[in-house]
Structure formats: C-alpha cells, structure tokens
Amino acid sequence: MSDWPLLSLIVWLPIAGGAAVLLAGERRANLARWIGLLTALVTFVLSLPLYQLFDRETAQMQFEELSPWVATFNLNYHLGIDGISLPLILLTTFISVLVVLGAWGPIKQKVAQYVAAFLILEGLMVGVFCALDAFLFYVFFEAMLIPMFLIIGVWGGPNRVYATIKFFLYTFLGSVFMLVALVYLYLKADSAAILTLHDVSLSLTEQVWIFLAFLLAFAVKIPMFPVHTWLPDAHVEAPTGGSVILAAIMLKIGGYGFLRFSLPITPDASSTLDWLLITLSLIAVVYIGFVALVQQDMKKLIAYSSISHMGFVTLGLFIAFAIFARAEANAGAAMGFEGAVVQMVSHGFISAALFFCVGVMYDRIHSRQIADYGGVVNTMPWFATFMVLFAMANSGLPGTSGFVGEFMVILASFQANFWFAFLAGMTLILGAAYSLWLVKRVIFGDVGNEKVAGLSDINAREAITLGALAVAVLGVGIWPDPLVDIMHASVENLLTHIAQPKI
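Position in the sequence shown (first residue = 1) + 713 = our numbering.
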C-alpha cells in the first residue's frame, strides 16, 4: 500500500468522481448522490493509511510524488506530507463524506451539480495541503474559489450574488499579492520547490515585503480582523454544506499557509512583526466574541464565533516569536504551534457540527432567526442532546476538543506575556456566553410557537452525521495524544528552522 500514489489518488479521485456525477445527470439524482457518497467514502478510506503508515520519528516529507510539470520553467508536480498537513487532509476527507451525506434530503434542485461541486472542491483542498511546488499550491489555492463561488451563488440565499462577489473579490485580491511574492522567490531561488524556498537567504526588507504579501492572502482566508467581513455574509447565504466546508476546512488553509510559507521563509520578518499579528489575533478573540454575542441570526453567530476561535490559531503561531524574544526554551513555542494545529482540527469538527445543527432546524422551519425558536428540546430531544454537546465544545468545555487547542495556546501565551494569556482566556467567558445563550433561547424553555411544536426529531441520516462529529469532538477532547504526537517532529523541525536567522 505504501508504494501506491496515495496522495494523487486522494487528490484526483474526488475530481474524477465529480465528473462522473455530472455525467449521471440531473434526471438521475439518486444515482448522482450514490456516486458522490461512494467517491467520498473511498477517498476517506484511502486517506487512512496515510496515518497508519506515517513515520512519527522524522520531520521529512513522506509519501512524496515527483514528476515534471512545466519542465521549461523547472516546475514539478510535487506532492508530499508531514505531520502538519496530515491532520488537515484527514479532516478534509472526513468532513467531505458528511457534507455529501448531509445533502441527501435538503438539496432537491440541480443535485448532480451540487454533489459534483463538493467533490471537486474536496480534491482541490487536499491538493493545497500536500503540494510541495509553490505554483502547484497556488493553482489549487485559486481553483478552490470556483466551486465554492458556484455553491454559494447557485444554491445560496436571497442575497447570494452580493455574498459570492464579496467572497471572490476578497479572497482573489489577497492571493494576487501572494503570487507576486512567489514569483519573486522563484526568481531568487531558481526553483519553485517549497522546501527550497525555505532556505533562500533574504534581507530583512525583502522578508518584510514577502511576509506582508503572504499576510494579505492568508489573513483573508482565515479570516483575521479587519479583513473578516466577507465571512458572515458568505455563511448566511451559503447552503448548509457550503457553510460546513467553508468553516471546517477552507478557513484552515490560511493557518496552514502561515506554517508552510510565512514562518519558514520569512522568520526574521515574522519575529519583527509578531506584535502586529498577536494584536490582531487578540482583537479577533475578544472583540469578535462580543460581536457574536449580539447576533440574532444563528448562522451569523456561529460565523463570528469561527472568527474568534480562529484568532487562537494565529495567536498560537506568532506567540512562538514572543517566546523566542525572551530567550525561553522551545517547549512553550512548540506548545503554541501544536495548539494552533489542534485548534484548527477541533474547530473543523465543532463548526461543522454547529452549522449542521442549524441546517437541521432550517430544513424544518426555514428560519435561522433565534427568535423563531424556543423549547426545541420538547419536540427534538435527540437533536437537543447533540446541539448542547456542540455548544459546550464551542465554549471550551474540558473533555471536548474545543478545550485542548485553546488551553495549549493559553499556556504558551503565559510564557510570552501574562496579558496575552489573560486576553486569550477571555474567549472562555465570551464563548460560553454566546454559545450557552444560544442554547437557552433555542433549545430550552417552553415550546416557542406552533412550528416548534410540530417539529420531528432527527432522522437516521442526520443522526449519523451528528453522531460522527460527536465522536470526533469527544475523541480529541478525551485523548488528544494521537493528534499531537503525529505533528511533534514536524513542529520541532519548524522551530529549529525559524530560530536560525536568515539574514
């Protein structure tokens, strides 16, 4: 099995499956659904050997595939993974199965096109996480915009055109600056291999400009304050599956970009500008948490919650430089990096689960307004159980995945500055405030109205979807070691690299 081109299979099988779904056509919607589900399941199964066969003792790239792509310019089809990219690939293949399954009932128009868009998007996202050629990464990075643009624009809400244009402009314009930086690095190194770019010698001025170019691309993707305003609009207008993929996976690509490009290529600029990224991260954690508290639309509340929780990712990544500045041991910096990756995976599970929960209620009442609910536990007790669990995980309850990553980042922050840790810890209060207030108004109390009184509990398909996410949330929360262990060697190697000035 280790001799198989596993990464290429996982990248191209969903794309081929998407083409097969389109060939099935709209007149055979059930066939399209089954092809889509089977493709997603096989892709997930093929991704599992990556974890089983992964060598945890080395920081070297594994499962590498290298073929000439554009030989004239020394560009290669180069794939490979390390302990940082592997968890994100597994997250992508897992969530994609649930998205295809979750669309089985709610999507009734243009079913084949809907399923195909998600399968193609899955392949492109996996390509981002395993590309080791900078321009191959950029192609996957940009190509993702097309299926997501269509998903929101075709199956979205009443204001979907505004949301799609805003989403496209923000993400596309940000990545243009990244392309300029990649071209400069390519000319400097005479190579597009990402690992070669890590070792290019750059002056501090060059590093700062390249860092800022990467920042514009990845900050929009996460999204960081103040370039976050496209996300709530996109979430509100997107169908449930679009919101799930957007929050669970696409936002993580920004954090992954910092780890793969910004930190190893421009470590001195990252150290010089760490105060800026830490400040923006803390603003996201605290200010956006207060913004979430006043939302009346459930999707908007969860969207702002995502921005706040993703602030922990960038905080964890750049807190390492503040620790280095104090000449501390690498342990705190490693904890910040590992906490950031754990937070990305955890947020993928929790945000997906919360958007699925909103989708379950929206499919029945066709409203996202909190005021239109109340007392749902009386008519949907099983659904209420899942909703409360995911809300508690979103609050950072110990024993759930939401606690692990945030706790690791807060511990790392203490080593850098007490006030960083204090402000980061505010999310435990704010997260509990908006999550539990949402649960109180929607789930508990007396039955709010006749529509709530007529609700039916979750069906088998919804139970499988929410149950799988519940197992993931509790599994990482109770036993995070398998996730942390697999990334440890890669994180230590990255820390060793960035601790050595390149000027």
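Note that beta-carbon positions come from the ideal geometry of N, C-alpha and C, so glycine has one too.
Residues that residue i bridges to, as DSSP identifies them
i: V783; result: L788
i: Q773; result: Paired residue(s): none; Q773 is not in a bridge.
i: D1010; result: Q1082
i: D846; result: A906
i: E778; result: L792
Beta carbon of residue i nearer than 9 Å to that of residue j
i: P977; j: H1210; result: yes
i: I802; j: L766; result: no
i: L811; j: F1069; result: yes
i: S1114; j: V1055; result: yes
i: V841; j: Y969; result: yes
i: H911; j: D846; result: no
i: I1032; j: Q1128; result: yes
i: F880; j: F854; result: no
i: T806; j: E835; result: yes
i: V1071; j: T877; result: no
i: L1028; j: F1050; result: no
i: M838; j: M963; result: yes
i: T1140; j: G1024; result: yes
i: L917; j: A982; result: yes
i: G1052; j: G1161; result: no
i: L1006; j: G1112; result: no
i: P1250; j: A1212; result: A query on residue 1250 cannot be resolved here, the shown segment of the chain reaching from 714 to 1216 and no further.
i: G967; j: F931; result: yes
i: A753; j: L814; result: yes
i: N1107; j: G1144; result: yes
i: I907; j: A816; result: no
i: F1062; j: D987; result: no
i: L1014; j: I1083; result: yes
Nearest neighbour of residue i, chosen from the options [CA to CA]
i: M1100; options: F848, M937, E1175 and L837; result: E1175
i: F890; options: V913, V1071, V933 and P781; result: V933
i: S1148; options: G1002, N1091, H1079 and P819; result: G1002
i: D1170; options: F1103, A1181, H1201 and D1076; result: D1076
i: E1119; options: A1173, W1150 and M1057; result: M1057
i: L929; options: I1032, Q1213 and L882; result: L882
i: I1177; options: I808, G730 and G738; result: I808
i: V1004; options: I991, S994, S1018 and M1011; result: S1018
i: L804; options: G1158, S1064 and L1102; result: S1064
i: L995; options: V1122, W943 and E1163; result: V1122
i: Q773; options: F885, N787 and G793; result: G793
i: L726; options: L814, T756 and L744; result: T756
i: S1021; options: L993, A1047 and A1046; result: L993
i: W943; options: L886, A926, V852 and P819; result: L886
i: A960; options: A1053, H1060 and T985; result: H1060
i: Y851; options: G1158, A905 and I1191; result: A905
i: F924; options: I864, L990, N872 and P939; result: L990
i: M1200; options: L1006, N787 and D768; result: D768
i: L1208; options: L1006, I1142, L972 and V913; result: L972
i: G730; options: G1190, A816, F831 and L761; result: F831
i: I913; options: S1080, E739, S975 and A1183; result: Here residue 913 is Val; the residue named in the question, Ile, does not match the sequence. The candidate whose alpha carbon is nearest that of V913 is S975.
i: L1151; options: P1195, L1196, D1010 and V1197; result: D1010
i: I1036; options: A1097, V1197, F848 and L1124; result: L1124
i: V1073; options: F848, V957 and D1198; result: V957
Terminal residues of the alpha helix (DSSP H) in which residue i lies
i: L995; result: D987 to L1006
i: L1136; result: F1131 to V1155
i: W725; result: L719 to A737
i: W1192; result: Counting along the chain, W1192 falls outside any alpha helix (DSSP H), and DSSP gives it neither H nor E.
i: N1162; result: Per DSSP, N1162 belongs to no alpha helix (DSSP H) and is neither H nor E.
i: M1105; result: P1094 to N1107
i: S975; result: Per DSSP, S975 belongs to no alpha helix (DSSP H) and is neither H nor E.
i: A1212; result: No alpha helix (DSSP H) holds A1212; DSSP gives it neither H nor E.
i: S798; result: S798 to G815
i: D946; result: W943 to E950
i: R746; result: A742 to L766
i: I962; result: Per DSSP, I962 belongs to no alpha helix (DSSP H) and is neither H nor E.
i: S925; result: Per the sequence shown, residue 925 should be read as Leu rather than Ser. First-last of the alpha helix (DSSP H) with L925: L917 to K934.
i: T953; result: T953 to I958
i: V867; result: L858 to W868
Is the number of C-beta pairs between the segment 773-786 and the segment 714-734 that are closer than 8 Å three or more? yes
With three or more beta-carbon pairs closer than 8 Å as the criterion, would you say the segment 790-800 touches the segment 818-833? no
With a threshold of 8 Å, are at least 3 pairs of Cβ atoms found where one atom belongs to the segment 889-907 and the other to the segment 939-959? no
Does the count of Cβ pairs from the segment 725-736 and the segment 747-761 closer than 8 Å reach three? yes
Any contact of the segment 899-906 with the segment 862-874, i.e. 3+ C-beta pairs under 8 Å? no
Three or more C-beta pairs closer than 8 Å, one from the segment 1086-1093 and one from the segment 1161-1170: is that the case here? yes
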